[in-house]
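What follows is one structure encoded as structure tokens, with my remarks underneath.
Written out as structure tokens, the structure reads:
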């Protein structure tokens, strides 16, 4: 059951956290580790595989959940379990703690909080949170689907249609699947651009290495070996 005292604390933290997330919109992410870069490269390869199949969707979700390591992922899964049990205050507390710790550059807790706010009927806040996710990952198909439902709930039909046009199109059994191809190509462009910006930020943070390695946009290991 909801705890009124906890509800009050969350309301104050809610206002503060959302404002801080918005104010932090232009702040660079922390320098990317080698392992994090490998994950980004794998994410790009999995996005590319969406040209012709949906098998990579679950693996993309797994990458997104584990972007900050197994312990943070465990907390995120625990928050989802609390949401499933309708223990919303406890779930929100966990999610906001993750957001406060990891910032807006890990979109998954923000996406989960957007889902929670939608479930609670707080549609305007859910929309704001979805937009934060999509600012960080424009190809986040979960947030794209979510914001369509939120805009429809807000009776903002124009925005709902605009966002619906950006959702991941289903693969058609026949034909060229042009819309699907266009979506994947746009996602790849955005993901590669984000990786390039992260690489540039790393150079500005640490300085240029003596021998710059050539830029690569494919993983250094077999995608099928990653579980």
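Numbering (this note's numbering), first residue to last: -5 to 221.
We treat Cβ as the ideally placed atom computed from N, Cα and C, and that holds for glycine.
Of all C-beta pairs linking the segment 96 to 104 to the segment 144 to 159, fewer than three are shorter than 8 Å, placing the two stretches out of contact. Note on geometry: alpha-carbon atoms of residue 87 and residue 171 lie some 42 Å from one another. In this model, residue 143 and residue 200 are separated by some 42 Å (Cα to Cα). Assignment of beta strand (DSSP E) within the segment 98 to 186, counting only whole runs of 3 or more residues, yields no such run. Each of 65, 100, 37, 66 was checked against the Cα of residue 52, and the nearest Cα belongs to 37. Annotation for residue 56: the continuous alpha helix (DSSP H) segment containing it runs 51 to 59. Apart from sequence neighbours up to five positions away, the residues of its chain that approach residue 89 with a beta-carbon distance below 6 Å are 73, 103, 106, 107, ordered along the chain.
Only buried fits residue 59, as 16 or more other CB atoms lie within 10 angstroms of its CB.
By the neighbour-count criterion, in which 16 or more other beta carbons inside 10 Å mark a residue as buried, residue 180 falls on the exposed side. Residue 33 and residue 194 have their C-alpha atoms spaced approximately 17 Å apart. Where residue 64 is concerned, the enclosing alpha helix (DSSP H) starts and stops at 64 to 78. For the 8 Å CB-CB criterion, residue 81 and residue 117 do not form a contact. In the DSSP assignment, residue 96 falls within the alpha helix (DSSP H) that extends over 82 to 96.
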